[in-house]
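*Asks:* Quick one: structure below, then a few questions.
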Amino acid sequence: MMKPDGLRRTGVVARREIRERGRTKAFQISTVAAVLAVVAIIVLPTMLSSGPKTYRVGLAGVVATGMADALRAQAASNDAQVSITSYPSLPAAEQALRGDAVDVLLVDGTTLEWRQRPDAALAALVASSARAVRIQERAAQLGLSAKDLSGLLAPAALKERRLASPSGLGDNAQDVGMVVVILVFTAIALYGNVVLTGVAQEKSNRVAEVLLARIRPRELLVGKVIGIGALGLAQFTLIAASAAIALQTVRGAQIPRVPASVLAWLVVWFVLGYAFYSVVYAGLGALASRVEDASNAAAPVSVLLLAGYLAAIAAVGAPESTMTTVLSFLPPTAPFVMPLRLTLVVVPAWQVVASALLTGATVWLLLAAASRVYTGALLRTGARVPLRLAWRAGGQGA
Amino acid sequence: MPGGADPTVPGGLRRIAGSAAPPPTIAAAPSRPCGLELRAVSKSYDEVQALRSCTFSVARGRLTGFVGPNGAGKTTAMRVVIGLVHADEGMVCWDGRPMDEGARLALGYMPEERGLYPRMRIRDQLVFFGRLSGMSTSAAREAVARWLAALGLAERATARVDELSHGNQQRVQLAAALLHGPDLVVLDEPFSGLDPFAMDSMSVLLRQVARSGAAVLFSSHQLDVVEHLCEDVVVIDSGRVVVQGPLEMIRDASPDRYLDVTTRGDVGRLLAIEQATVVADQDGHIRLRVPRTADPVALLRAVDRDVVRVAYEPPTLSEVFRAAVAASREPGDREATDDEA
């Protein structure tokens, strides 16, 4: 445990990280760029698409009565518009088709002629219009009124009921789950690497020795992790909030409403996952003597992080399997898999709490181990320090 | 820090009652209880024994120079004091008691490999180090302002460290070590890479720090600087302390004396003095080593009328150092064999 003096020093280190990193142009520019990019990705497609699509249909030869009306009705029910041109002769119609005056030609109500490639959506639209006209014709032959016909064709209304009730996210639950996994992974990978390079930098520019003369290794490590994590969480929240606002504005009611409790757990799991990985990154970052070597030194944990991510992606398809449940308890995968389960299925509260406590306890143990490696490696410059040597030296040191 | 300066007083290089004006004659090192003591400290790295039962002390109110060849163990000894390296045996004491972690974290330390955040502004950086050493933000700000003014860096306060010259970076590094008014100051090669003017101002500063009651230990390869500046010296070789104590006493205690003559005349008689070893003979400048027992008046008879300058003196620190290191490396030397026991 830390003494009050230690906590104060940890706070001083964390505040420095927030202040100095927040002040860099790189951080400010990347934040603004990320917000703009996310908003653009959401807003631009809507702005660029110019309202409902208009199909141009040419009619030639024998045209059934009501065909034009049927086409318009079908188009309207598909959120599209249709402009219809009737041609007196087939050559004139084909001339128009070649000259790109129409998209498709309906000849004698039986043949579709295309300029080159058929458009599946348009083909379906014309086909169903033709079928509707045919049905009307036959109904008329049978002496059925329009009202009888619509009664005859009215579809049976089916009610829906689900046995497994997910977290109220409806059909989009899997998409939301995927987004949650990707967000947590991106945030951990991004800010974990900031911790990694930060530690390697302090070692390579020799500030580490000046720092360790006045602060315990654990205090320095925790302060760094907290400072970068807080800054990262703020940056990520800003980007996520911009995305949510943009989505709300553009797509209105179509975005699924994520319950507040899921959001809260998302933050908790980001914090736990970030703590787990960044503490290990900090310990391994101290092994490198140059910033360029840091990612090599940290390769094993980067692989673990990626494996955890892939396991979570795989779990999206099978949220109720035993494997997924197990993965949601293992500290390296829990930060991805547990929020995923929370999004997709109803998870017993004890499981969430137990898994969080287990991950938290593991972080605590890792912190002790990472501090020891950190101590043993920070003052050994030159070649990369073997982990075993750092562990041994750290056990004797300060 | 035990008995330390109030850390909230910026640059509070506190004056210790009674120690401001050290007495002209200094007792031998072990009888001074105040300050830093290393007692039989040993440390080895794998095959290499870096420190072999090192015992020496650093008194409050005095400057102690720490000299030795490259790889002698100076940096390791300093890191043991700082707590960055854990001794295999022996102990480090402060004011007569084993040094605890609080005392370690409160001392002022400047490592040999200078370390500052290159892209951080000087003022912010120093305030950060002051805060880490327990100062309040306002106290740290005030101390930083005073130090920057004293070091002539006031108008560069918002410059980044990597925009400063080497000498100015060194000044900032020193300020970082002294800002919080530590009672124990450990500086690894503070003079390396400084021009003569910067060395002068650094010397003045270190004297002030010592005068205010702090125990100051610094290592240096520049023996003339150490001789000029320090009251006490510790000479270390191959991890072993070979000489330590007040510099004047060490010089006086040497069995050698030196006759230093500059003459425009004939040097033949000088070179013929019995028992004398010629140390230097260049352009009419002769330096002879003679036993302390030789009669100085008799020696002077060898000096002819064209003499420009004559001096009879104990060895310089450089000569003491060479003699001590050479003696400690003699194979039959008693201490060398003791050490392995």
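These protein sequences, in sequence, are chains A and B.
The letter at position 234 of the first sequence is residue 236 when you use the numbering used here, and the numbering goes up by one with no holes.
The letter at position 289 of the second sequence is residue 1032 when you use the numbering used here, and the numbering goes up by one with no holes.
A virtual CB, placed ideally from N, CA and C, is assigned to each residue, including glycine.
Since the model is a prediction, treat every value here as computed from it, not as a measurement.
Report the neighbours of Arg216 (chain A) on chain B: residues whose CB is nearer than 7 Å to its CB, in chain order.
*Replies:* Leu848, Leu875 and Ser876
*Asks:* Specify, as a first and last residue, the run of the alpha helix (DSSP H) that Pro341 (chain A) falls within.
*Replies:* Ala336 to Leu346
*Asks:* What's the gap between the Cα of Val273 (chain A) and the Cα of Ala379 (chain A)?
*Replies:* Going from the Cα of Val273 (chain A) to the Cα of Ala379 (chain A) covers about 26 Å.
*Asks:* Taking 7 Å as the CB-CB limit, is Val209 (chain A) close to chain B?
*Replies:* yes
*Asks:* So Tyr376 (chain A) and Ala288 (chain A) are in contact, right, with Cβ under 8 Å, and what is the actual spacing, rounded?
*Replies:* About 5 Å; that satisfies the 8 Å criterion.
*Asks:* May I ask you to verify whether the stretch 177 to 184 of chain A touches the stretch 303 to 316 of chain A, counting CB pairs closer than 8 Å and requiring at least 3?
*Replies:* yes
*Asks:* Residues of the stretch 315 to 339 of chain A in Cβ contact with chain B at a cutoff of 8 Å, in chain order, please.
*Replies:* none
*Asks:* Identify the continuous alpha helix (DSSP H) that holds Leu921 (chain B) and give its terminal residues.
*Replies:* His909 to Leu921
*Asks:* Can you tell me the Cα-Cα spacing of Thr949 (chain B) and Asp7 (chain A), whole angstroms?
*Replies:* The question names Thr, but residue 949 (chain B) is Leu in the sequence shown. Approximately 29 Å between the Cα atoms of the pair.
*Asks:* Can Glu1062 (chain B) and Arg208 (chain A) be called in contact, C-beta distance under 7 Å?
*Replies:* no
*Asks:* Check for me: the beta strand (DSSP E) holding Glu1056 (chain B) runs from which residue to which?
*Replies:* Val1050 to Glu1056
*Asks:* Since I believe Leu1013 (chain B) is in contact with Ala1045 (chain B) (beta carbons under 8 Å), could you give me their beta-carbon distance rounded to a whole number of angstroms?
*Replies:* 5 Å
*Asks:* When you compare only the Cα positions, how much space is there between Arg775 (chain B) and Leu960 (chain B)?
*Replies:* In this predicted model, Arg775 (chain B) has a pLDDT of only 47, less than 50, meaning its place in the structure is not dependable enough to derive any value.
*Asks:* Could you tell me which chain C residues have their CB closer than 9 Å to the CB of Tyr852 (chain B), listed as they occur along the chain?
*Replies:* Checking the listed chains, one finds no chain C in this structure; the protein chains it contains are A and B.
*Asks:* Among residues of its own chain, excluding the 5 on either side of Val969 (chain B), which ones have a beta-carbon nearer than 7 Å to its beta-carbon?
*Replies:* Gly808, Val810, Ser963, Val976 and Leu1060
*Asks:* For the candidate residues A:Ala300, A:Ala159 and A:Ile137, whose alpha-carbon lies nearest to that of Gly194 (chain A)?
*Replies:* A:Ala300
*Asks:* Could you tell me which residues DSSP pairs with Lys149 (chain A) in its beta bridges?
*Replies:* Answer is none; Lys149 (chain A) lacks a bridge partner.
*Asks:* Going by CA-CA distance only, name the one from A:Leu359, A:Val347 and A:Val305 that's closest to Phe331 (chain A).
*Replies:* A:Leu359
*Asks:* Got a sec: is the Cβ-Cβ distance from Glu221 (chain A) to anything in chain B below 7 Å?
*Replies:* no
*Asks:* Could you please tell me which residues of the stretch 11 to 30 of chain A, in chain order, have their CB closer than 7 Å to any CB of chain B?
*Replies:* Arg11, Val14, Arg18 and Glu22
*Asks:* Grouping DSSP H, G and I as helix and E and B as strand, with all else coil, what is Gln30 (chain A)?
*Replies:* helix
*Asks:* For Glu856 (chain B), which residues in chain A fall below 7 Å Cβ to Cβ?
*Replies:* Within chain A, the residues near Glu856 (chain B) are Arg208 and Glu211.
*Asks:* Measuring alpha carbon to alpha carbon, tell me which residue in B:Glu1056, B:Arg1052 and B:Val1051 is nearest Thr1036 (chain B).
*Replies:* Selected option, being the one with the closest Cα: B:Glu1056.
*Asks:* Select from B:Leu927, B:Pro925 and B:Gln916 the residue whose C-alpha is nearest the C-alpha of Pro933 (chain B).
*Replies:* B:Gln916
*Asks:* May I have the straight-line CA-CA distance separating Leu9 (chain A) from Arg914 (chain B), to the nearest angstrom?
*Replies:* So the alpha carbons of these two residues sit roughly 30 Å apart.
*Asks:* Please report the distance separating the alpha-carbon of Val303 (chain A) from that of Tyr279 (chain A).
*Replies:* 7 Å
*Asks:* Mind checking Val947 (chain B): buried by the 16 CB within 10 Å criterion, or exposed?
*Replies:* exposed
*Asks:* Would you mind telling me which residues of chain A sit closer than 9 Å to Ala1037 (chain B), beta carbon to beta carbon, in chain order?
*Replies:* Close to Ala1037 (chain B), with beta-carbon spacing below 9 Å, lies no residue of chain A; the smallest spacing is near 49 Å.
*Asks:* Who are the Cβ neighbours of Val282 (chain A) in its own chain at under 7 Å, not counting the five residues just before and after it?
*Replies:* Val303, Leu368 and Ala372
*Asks:* Among B:Pro812, B:Pro1034, B:Cys797 and B:Leu794, which has the Cα closest to the Cα of Val1068 (chain B)?
*Replies:* B:Pro812
*Asks:* Spatial neighbours of Gly761 (chain B) within its chain, please: CB distance less than 8 Å, with the 5 preceding and 5 following residues excluded, ordered by chain position.
*Replies:* Any reading at Gly761 (chain B) must be qualified, since the residue scores a pLDDT of 35, below 50, and its modelled position is unreliable; the value itself is stated next. Closer than 8 Å at Cβ, skipping near neighbours: no residue.
*Asks:* Leaving out the 5 sequence neighbours to the left and right, which residues in its chain are closer than 8 Å to Val252 (chain A) when beta-carbon positions are compared?
*Replies:* Ile44, Val45 and Thr48
*Asks:* May I ask which residues mark the beginning and end of the beta strand (DSSP E) holding Arg1072 (chain B)?
*Replies:* Where Arg1072 (chain B) is concerned, there is no enclosing beta strand (DSSP E), although the alpha helix (DSSP H) it sits in stretches over Leu1060 to Arg1072.
*Asks:* Measuring alpha carbon to alpha carbon, tell me which of B:Val1004, B:Val985, B:Arg1072 and B:Val824 ends up nearest Ala1054 (chain B).
*Replies:* B:Val1004
*Asks:* Once you ignore the five residues that flank Arg374 (chain A) on each side, which residues in its own chain have a CB closer than 7 Å to its CB?
*Replies:* These residues qualify, in order along the chain: Trp393, Gly396 and Gly397.
*Asks:* When DSSP labels each residue in this structure, what does Lys786 (chain B) get in the three-state scheme?
*Replies:* strand
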